[in-house]
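For reference, the structure discussed in these notes is given below.
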Amino acid sequence: MLVQLHVGNLALAEDVVVDLEPGLTMLTGETGAGKSLIAGALSLLTGGRTEKGLIREGEELAFVEGVCDLADRPAVRERVARLGVRLGEDGLLVLRRELRREGRGRVLVNGLVSSLALLEEIGSLLLRIQSQDQQRELVRPGFARDLLDEALELAPRRERVAAALEAWRSAERELAERRQEVEFARRQRDMWEYQARELNEAALDPDEAAALAETLALGRGARGLLEATAAARQDLAEGEVNAAALIGAALGRLSGAEAQSPRLAEALEMAAAAQDQVAEAARLLERVMDGVEVDPARLDELEARLALYQELQRKYDRDVPGLLALHEELDGLLARERSAASDLEELAAAHAAAEAELADACLDIRRRRLKGAGNVAARAAELIRPLALPKLELFFAVEPAVAEGGLMVDGEVCRVTRNGADRVTLRARTNPGEAPGDVARIASGGERSRIHLGLTVMGLEDRPDPPLQLFDEVDAGLGMDHAVAVAALLGRLARAGQVLCVTHLPTVAARGDRHLRVAKSVRDGRTSLTVGPVAGQERVAEIARLLGGAEAGDPARQQAYARELLRGPAARTGNG
58 MLVQLHVGNL
68 ALAEDVVVDL
78 EPGLTMLTGE
88 TGAGKSLIAG
98 ALSLLTGGRT
108 EKGLIREGEE
118 LAFVEGVCDL
128 ADRPAVRERV
138 ARLGVRLGED
148 GLLVLRRELR
158 REGRGRVLVN
168 GLVSSLALLE
178 EIGSLLLRIQ
188 SQDQQRELVR
198 PGFARDLLDE
208 ALELAPRRER
218 VAAALEAWRS
228 AERELAERRQ
238 EVEFARRQRD
248 MWEYQARELN
258 EAALDPDEAA
268 ALAETLALGR
278 GARGLLEATA
288 AARQDLAEGE
298 VNAAALIGAA
308 LGRLSGAEAQ
318 SPRLAEALEM
328 AAAAQDQVAE
338 AARLLERVMD
348 GVEVDPARLD
358 ELEARLALYQ
368 ELQRKYDRDV
378 PGLLALHEEL
388 DGLLARERSA
398 ASDLEELAAA
408 HAAAEAELAD
418 ACLDIRRRRL
428 KGAGNVAARA
438 AELIRPLALP
448 KLELFFAVEP
458 AVAEGGLMVD
468 GEVCRVTRNG
478 ADRVTLRART
488 NPGEAPGDVA
498 RIASGGERSR
508 IHLGLTVMGL
518 EDRPDPPLQL
528 FDEVDAGLGM
538 DHAVAVAALL
548 GRLARAGQVL
558 CVTHLPTVAA
568 RGDRHLRVAK
578 SVRDGRTSLT
588 VGPVAGQERV
598 AEIARLLGGA
608 EAGDPARQQA
618 YARELLRGPA
628 ARTGNG
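Residue 597 in the numbering used here is what sits at position 540 of the sequence shown, and the numbering runs on without skipping anything.
Following this line, the structure appears as structure tokens:
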């Protein structure tokens, strides 16, 4: 429930605070007083379009703020929470829309900067605005279908259709993609088999190429390496003059001298270590000489093997790990190609099952629409006939949405959407004896407005946690007598929620639970808007003004008639 509306620096509304209550609230005022501004402010809280020209002259910032009390609205609180908005224990939700003359405006939800998309989602839960222009919704594609489905509580059936449609499209897409893949594999199979065979015969190893290069490098320089290694060994241990013998001689000369000079002990220790290292180096050189291969035939084999690696890398433009990955990929492609027949059979079966489920879901919702359409139409007509349409008859036409290339549903090829395979239209007969026609074409503008009002009430009066409903002059063009039925219908809707009605008709205004008046005043050369409650004699005077006031006749008689209206059958306690 919206408990307070605060408007600042928006056109004539310099600083307007409107307190709202449950039930039916009437909003009146002289022509041009600014009633539409209040409707526009509420529209901004539902994400409506803004214009910088709305900002009050001389101001840089305008805002609209709505305080909503959701303490007794658990379903709405849950949906708001699912949108990521946390509420306090008091259940208050504050929506704020700011317009700036320079730069972009802002949206705040409970004090946190939010997005316009979030405001639209939350606003649609809390506020709904109906105006004379709303009757154009009757021509919206899908309006009649949505109305019928909501009245018949077919949301779960539509969800089934939507899920089945998605599954069918997915199965169709998978089957088509697999068929394309199979066709491509058929054209590529010979090449894949040749490449896989070539790589398989190559028996590649990720470490072999590097080992081959190293072995060949050693083999190509083996002679020089052997000569250098042998000479080094001679110098270290086997030559007439070698390092080992010289170090041994030096140790012999110094042996025992360390007793005469302790400083020689370190030198002797180092010389002994050197003798051991020279011996170890000589043994290592001997092992190197034993491991060097000089077999020309073996070197040719290694050269050919390394050339194979290099040729395959050049041919496929991949390194050795890439060649191994390609080999694995080719094996997978060939294995998948061999399973193509069984895959296509399984996918075709899955597609047929998904198609059957979708057709069944569409047929199920069609039958439910056909079965319930008459009762819904009769209920809607019963609501609307008191609105100066006493002979109105309504009919829902539920027909297959026949289209080429669609889905077979109950013997007809239909275009299928998430809502089923039907075309639903609302038809009306306003004059007996005439053929019914599409309600958007056969009814006049005023009739469409009243029909739309009745349909709105039918769709919302039994809804839990209904949003605030703003009706902006939906009674325009009606006489005072016929307007009483409009007021009664609005009162019926307001029993379970909150309705705000902008009206010029005294017979409507008198039926409200409470009454707000919009007025303009000039102070310090500036025009400002005021909105405030009227009750008692003030409300009598406002109803009298709507009747025509002193200019239309005797003011006393006007006020007496105003009191009579306020005491009418739908009058509320405290109406004066």
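Glycine included, C-beta positions come from ideal geometry on N, C-alpha and C.
Just so you know, these numbers come straight off a predicted model, no measurement behind them.
For this session: Measure how close the beta-carbons of residue 82 and residue 569 come, nearest whole angstrom, since I'm counting them as under 8 Å.
Result: 6 Å
Exercise. What did DSSP end up calling residue 185 once you bin it into helix, strand or coil?
Worked result: strand
Exercise. Closest by CA to residue 109, which one among 159, 123, 70 and 138?
Worked result: 159
Exercise. Contact check, residue 99 vs residue 154 under 8 Å by CB: the rounded distance?
Worked result: No, residue 99 and residue 154 are not in contact; Cβ-Cβ is about 10 Å, not under 8 Å.
Exercise. Quick one, are the C-beta atoms of residue 559 and residue 96 less than 8 Å apart?
Worked result: yes
Problem set entry | Same chain, Cβ closer than 6 Å to residue 75, neighbours up to 5 away in sequence not counted | 62 and 588
For this session: Could you check how far apart the C-beta atoms of residue 438 and residue 449 are, in whole angstroms? I think they sit under 8 Å.
Result: 5 Å
For this session: Give the DSSP-derived three-state secondary structure of residue 631 in the structure shown.
Result: Annotation note: pLDDT 39 at residue 631 (below 50); position unreliable, no value reported.
Exercise. What separation, rounded to the nearest whole angstrom, lies between the Cα atoms of residue 623 and residue 597?
Worked result: 8 Å
Exercise. In or out: residue 347 buried (at least 16 other Cβ within 10 Å) or exposed?
Worked result: exposed
Exercise. Buried or exposed: residue 200, going by 16 or more other Cβ atoms within 10 Å of its Cβ?
Worked result: buried
For this session: Closer than 6 Å by C-beta to residue 80: which residues in its own chain qualify, once you throw out the five before and the five after it? Chain order, please.
Result: 551 and 570
Exercise. Do residue 182 and residue 457 have their C-beta atoms within less than 8 Å of each other?
Worked result: no
For this session: For the stretch 281-295 and the stretch 323-340, state whether three or more C-beta atom pairs, one from each stretch, are separated by less than 8 Å.
Result: yes
Problem set entry | Collapsed DSSP secondary structure at residue 408 in the structure displayed | helix
Exercise. With distances taken from CA atoms, which of 360, 202, 250 and 243 is nearest residue 268?
Worked result: 360
Problem set entry | Alpha-carbon to alpha-carbon, residue 219 and residue 212 | 10 Å
Exercise. Beta-carbon separation of residue 482 and residue 454 under 8 Å?
Worked result: yes
For this session: Could you spell out where the beta strand (DSSP E) holding residue 572 opens and where it closes?
Result: 571-580
Exercise. For residue 257, is the classification buried or exposed, using 16 other Cβ atoms within 10 angstroms of its Cβ as the cut-off for buried?
Worked result: exposed
For this session: Go to residue 103, then tell me how far its beta strand (DSSP E) extends in each direction, as first and last residue.
Result: Element bounds for residue 103: n/a, residue is neither H nor E.
For this session: Ignore the nearest five residues each way along the sequence and tell me which others in residue 167's own chain have a CB closer than 6 Å to its CB.
Result: 151
Exercise. What are the boundary residues of the alpha helix (DSSP H) that residue 218 is part of?
Worked result: 212-259
Problem set entry | Complete runs of the alpha helix (DSSP H) confined to the stretch 268-319 [at least 4 residues] | 279-290 and 300-311
Exercise. If you run the structure through DSSP and keep just helix, strand and coil, what is residue 564?
Worked result: helix
For this session: For residue 436, I'd like the list of residues in its chain whose CB is within less than 8 Å of its CB, leaving aside the five on either flank, ordered along the chain.
Result: 208 and 515
Problem set entry | From 143, 365 and 616, residue whose alpha carbon lies closest to that of residue 604 | 616
Exercise. According to the neighbour-count rule (16 or more other Cβ atoms, all chains shown, within 10 Å of its Cβ), is residue 230 buried or exposed?
Worked result: exposed
Problem set entry | Pick from 511, 105 and 475 that is closest to residue 176, judged by C-alpha positions | 105
Problem set entry | Backbone CA spacing between residue 116 and residue 583 [nearest angstrom] | 13 Å
Exercise. Excluding sequence positions up to five away, which residues of its chain have a Cβ less than 6 Å from the Cβ of residue 165?
Worked result: 153
Problem set entry | Cα-Cα separation between residue 464 and residue 470, rounded to whole angstroms | 5 Å
For this session: Please list, in chain order, all residues of the same chain as residue 356 whose beta carbon is under 8 Å from its beta carbon, the five residues on each side excluded.
Result: 273, 276, 277 and 350
For this session: Label residue 248 either buried or exposed according to how many other C-beta atoms from any shown protein chain fall within 10 Å of its C-beta, with 16 as the threshold for buried.
Result: exposed
For this session: Please name the residue in 556, 173 and 513 whose C-alpha comes closest to that of residue 58.
Result: 556
Exercise. Which word fits residue 501, buried or exposed, when buried means at least 16 other C-beta atoms lie within 10 angstroms of its C-beta?
Worked result: exposed
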